[in-house]
Amino acid sequence: MDFESDDFLSDFNFDQNETKEPQKINKISGGELEKFARAVLTQLVDDNVPPTPENFRIYFEKMIDGKSMTLQKKISELMEIESKKEDKQVLIENEVKRSFSSLKILLQDIAMIYKNTEVMVDLTHKRMSELSINSNSLTAINIIDTLKMDLERFSALLEKYSLNIKYSFEEVSQVYKSIEEQSDFDPKYGVYNKKFLLKTLDNFKEGFSKYNYQTSLIFLRVKESVFAKILSQKEKTILLKNISKILTKHIAKGDIIAHYENGIFVAILKHTNLNDAKKICEDLLSFIYNTNFFMSGIEIEMDLEAVLTCISDEFSNEKMIEKAINALELTGKETQQFAVIN
623 MDFESDDFLS
633 DFNFDQNETK
643 EPQKINKISG
653 GELEKFARAV
663 LTQLVDDNVP
673 PTPENFRIYF
683 EKMIDGKSMT
693 LQKKISELME
703 IESKKEDKQV
713 LIENEVKRSF
723 SSLKILLQDI
733 AMIYKNTEVM
743 VDLTHKRMSE
753 LSINSNSLTA
763 INIIDTLKMD
773 LERFSALLEK
783 YSLNIKYSFE
793 EVSQVYKSIE
803 EQSDFDPKYG
813 VYNKKFLLKT
823 LDNFKEGFSK
833 YNYQTSLIFL
843 RVKESVFAKI
853 LSQKEKTILL
863 KNISKILTKH
873 IAKGDIIAHY
883 ENGIFVAILK
893 HTNLNDAKKI
903 CEDLLSFIYN
913 TNFFMSGIEI
923 EMDLEAVLTC
933 ISDEFSNEKM
943 IEKAINALEL
953 TGKETQQFAV
963 IN
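Residue numbers (my numbering): 623 to 964.
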């Protein structure tokens with residue numbers, strides 16, 4: 623690979639010189655956007671929520687759902703362009719992780735080549751000994767002796783480069799570890815990770831204490847009885863990825879979806895009280911239960927555990943999470959679809 627060429631980063635699909643036709647956006651005529659923005663501001667004031675840029679964005683994204691499909695589409699087009707920077711960050715992070723996995727495979731392959739070369743050197747020694755005993759052919763012995771020396775030189779050279787690659791890989795591994803520690807995303811499920819979730823909850827806890835910001839959470843887990851019908855771990859992962867995609871599409875854009883651990887997903891509903899969150903949870907579960915899931919050509923009957931809770935001063939975030947997770951097993955399609963802890 624030519625590391626000095628301009629094509630080194632070509633596999634990452636980030637061509638800085640790439641020129642594209644500017645995306646054409648349908649204009650929002652008749653002051654629709656201005657009217658909508660004023661309505662958002664009015665709602666913030668009515669809810670006694672400070673009209674900061676972040677709060678305005680959250681309300682803006684939530685209130686879009688109540689507007690006409692035409693207006694939703696036009697505003698979504700505008701928001702899509704503005705969100706490209708964040709999407710690119712996620713893409714770069716995932717590409718780095720994928721590239722590191724490829725490096726690990728490369729190192730394993732090089733180690734295997736070195737191991738097999740060592741085996742060939744040993745075999746050559748063995749065959750040369752057998753030939754010297756069973757044959758008087760000096761020519762054959764000389765040929766094998768030359769081959770043995772060539773293999774030994776090749777093995778020494780390979781060992782040298784293998785060590786260089788190993789040291790370089792260890793440096794890359796340290797960089798990757800640093801990226802992992804700072805990462806906010808779960809590459810397996812394409813949502814935020816546990817670290818980001820806990821950090822965000824701490825911020826919202828502070829927002830509740832200072833400004834009484836209402837934040838509700840939906841904890842969601844696929845019942846173990848569903849996984850019992852699926853044989854392979856790969857299919858279980860695929861099923862969880864499908865759930866993750868549904869959550870990402872169904873939960874409002876301004877809200878947060880994260881994977882806590884062990885297949886538990888959490889939706890953080892910003893500026894949403896428990897009553898409003900109940901309707902969101904009902905709609906979400908209804909949508910999932912009306913979705914067909916197939917594994918190896920067999921339809922899987924979905925059953926979910928769900929708990930709804932909210933950030934408050936009564937419990938620490940750690941205690942709130944513990945109570946929510948403990949309550950998950952008490953819920954399900956055939957019992958209560960979701961429990962509410964407040």
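Built from N, CA and C at the ideal position, the CB exists for glycine as well.
Keep in mind that this is a model prediction, so the values were computed, not measured.
Simplified DSSP state of residue i, which is helix, strand or coil
i    : result
K816 : helix
M685 : helix
A949 : helix
A880 : strand
L891 : strand
T664 : helix
N670 : coil
E981 : The structure shown does not extend to residue 981, since the chain is modelled only from 623 through 964, so no value can be given for it.
F937 : coil
K821 : helix
A659 : helix
G652 : For G652, the predicted model reports a pLDDT of 47, less than 50, meaning its position is unreliable; a value from the coordinates is still stated below. Looking at G652 - three-state DSSP - the assignment turns out to be coil, as it is neither helix nor strand.
E944 : helix
L853 : coil
S908 : helix
L899 : Before going further, note that residue 899 is Ala rather than Leu in the sequence given. Helix at A899.
K875 : coil
S866 : helix
S698 : helix
S690 : coil
Identity of the residues DSSP links to residue i by a beta bridge
i    : result
C932 : S838
E921 : F916
F807 : Y814
A961 : V929
V844 : L926
I886 : E883
Rounded C-alpha distance that separates residue i from residue j
i    : j    : result
Q645 : Y681 : Because Q645 carries a pLDDT of 47, less than 50, the predicted location of this residue cannot be relied on, and the following value inherits that uncertainty. Answer to the nearest angstrom: the Cα atoms are 26 Å apart.
D808 : E656 : 37 Å
D898 : D687 : 14 Å
K684 : Y835 : 15 Å
S908 : S723 : 38 Å
E940 : L785 : 45 Å
L896 : L725 : 47 Å
Q796 : I766 : 44 Å
I692 : S698 : Reading off the sequence shown, one finds Thr at residue 692, where the question assumed Ile. Cα-Cα distance, rounded: 10 Å.
M771 : T746 : 10 Å
L869 : L729 : 37 Å
L839 : E944 : 13 Å
K782 : L773 : 14 Å
G829 : T837 : 9 Å
T957 : I801 : 43 Å
K810 : E857 : 13 Å
L952 : M942 : 16 Å
K593 : F887 : Lying before the first or after the last residue shown, residue 593 is absent from the chain, which here runs from 623 to 964.
D744 : L842 : 58 Å
S690 : A874 : 16 Å
F658 : P673 : 15 Å
F960 : E904 : 8 Å
D668 : L926 : 36 Å
R720 : Q804 : 16 Å
G965 : E740 : Coverage of the chain is limited to positions 623 through 964, which leaves residue 965 absent and any answer about it impossible.
T894 : V718 : 35 Å
A778 : D731 : 17 Å
M623 : L769 : Only weak support is given to the placement of M623: the predicted model assigns it a pLDDT of 40, under 50, and the value that follows is read from those uncertain coordinates. Taking the straight line joining both Cα atoms gives about 30 Å.
A946 : I787 : 47 Å
Any beta strand (DSSP E) of 3 or more consecutive residues that is wholly inside the segment 725-802: none
Are three or more beta carbon pairs between the segment 839-853 and the segment 911-929 nearer than 8 Å? yes
At least 3 beta-carbon pairs within less than 8 Å: the segment 869-887 vs the segment 800-820: yes
Are the segment 735-746 and the segment 818-826 in contact at 8 Å, needing three or more beta carbon pairs? no
Do the segment 901-916 and the segment 783-800 meet, that is, are 3 or more Cβ pairs less than 8 Å apart? no
Below 8 Å, how does it come out for the segment 927-935 and the segment 862-872: are there three or more Cβ pairs, yes or no? no
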